[in-house]
Amino acid sequence: MTAVVVGSHLVVDGVTVAYDGHAVLADVSVTAAPGRILAVTGPSGAGKTTLLSTMAGLLRPVRGAVRLETVDVRSRDQAVRLGVVIVPQENGLAPILTAAENVAVALIACGVKPAEARKRTAVALDRVGLADQANQLVEELSGGQQQRTALARGLALTGAVLLADEVTSELDAQNRQRVLDLLRSEAERGAAVVFATHDPEAAAACDAELHLSDGAATLVRG
3 MTAVVVGSHL
13 VVDGVTVAYD
23 GHAVLADVSV
33 TAAPGRILAV
43 TGPSGAGKTT
53 LLSTMAGLLR
63 PVRGAVRLET
73 VDVRSRDQAV
83 RLGVVIVPQE
93 NGLAPILTAA
103 ENVAVALIAC
113 GVKPAEARKR
123 TAVALDRVGL
133 ADQANQLVEE
143 LSGGQQQRTA
153 LARGLALTGA
163 VLLADEVTSE
173 LDAQNRQRVL
183 DLLRSEAERG
193 AAVVFATHDP
203 EAAAACDAEL
213 HLSDGAATLV
223 RG
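Start counting the sequence shown at 3; every next residue gets the next number (this note's numbering).
Rendered as structure tokens:
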């Protein structure tokens, strides 16, 4: 991930995303700024996951553009090279690998040498409170532990942008606060953090809030 530039703005400029001719997002514009956490809120089906997927290069808008500073994000491969990390709502973990293997494999795929990958994996799992579960198969972990493993993978990648989709939905109050603190630490590192959430208390802890409703976006804070 040699192209990662911490301190970069992720700009969504007039983006419309459609499925089968139906606009899920309509002319959405927002900027995720380095050092800040942007909450994306709204009811189920409002387009929160679609927006994060578009920011991550997983979906192409039919109109508008996503840019990291001046560079258009046109594909997931390009977004990875630019350092756009996504922690998906469906955690994307391999159930037959251990928690540590899931994190390390992602690092190695991005060019990190195995010894460094093991070190960063251990640190990341410890940060999310899963050091003791590092060698457990993902399929043996609870839903909340899987969620934290996926977050550990995102933290270990140390991107310029961290997109986190409902990463506190299955957590108790203590672990929810731990995750919010970790998102804050990523912002303090200089990353631009985007956090999609149904939780109004979690959203209130962020620096800005973009509310989605029927595909339209309103910046209600920040």
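Even for Gly, the Cβ is constructed at its ideal location relative to N, Cα and C. Keep in mind it's a predicted model, so treat the numbers as computed, not measured.
Alpha helix (DSSP H) containing residue i: first to last residue?
i      : result
ALA106 : 101 to 111
ARG120 : 116 to 129
ALA204 : 202 to 206
Between residue i and residue j, what straight-line distance do the alpha-carbon atoms span, to the nearest angstrom?
i      : j      : result
THR151 : GLY16  : 34 Å
LEU60  : ALA204 : 25 Å
ALA166 : VAL73  : 22 Å
ALA194 : ALA35  : 5 Å
ASN137 : ASP79  : 29 Å
THR4   : GLY113 : For THR4, the pLDDT reaches just 43, beneath the cut-off of 50, and the residue's location in the model is therefore unreliable, leaving the point undetermined.
ASP174 : GLN149 : 12 Å
ALA67  : ALA25  : 15 Å
GLU141 : LEU127 : 16 Å
HIS200 : HIS11  : 24 Å
By DSSP's criteria, residue i is part of a beta bridge. Which residues make up the other side?
i      : result
VAL181 : Its beta-bridge partners do not exist; DSSP assigns none.
ILE88  : LEU165
LEU221 : LEU212
At what residues does the beta strand (DSSP E) containing residue i begin and finish?
i      : result
ASP15  : 12 to 21
GLU141 : Segment: none, GLU141 is in no beta strand (DSSP E) and carries neither H nor E.
ALA34  : 24 to 34
SER215 : 210 to 215
On the CB-based measure, 16 or more other CB atoms within 10 Å of its CB, does residue i come out buried or exposed?
i      : result
GLN176 : exposed
ALA206 : exposed
LEU221 : exposed
SER215 : exposed
ALA111 : exposed
GLU118 : exposed
Taking Cβ positions only, does residue i come closer than 8 Å to chain D?
i      : result
ARG150 : Absent here is chain D; the protein component of the structure consists of one chain.
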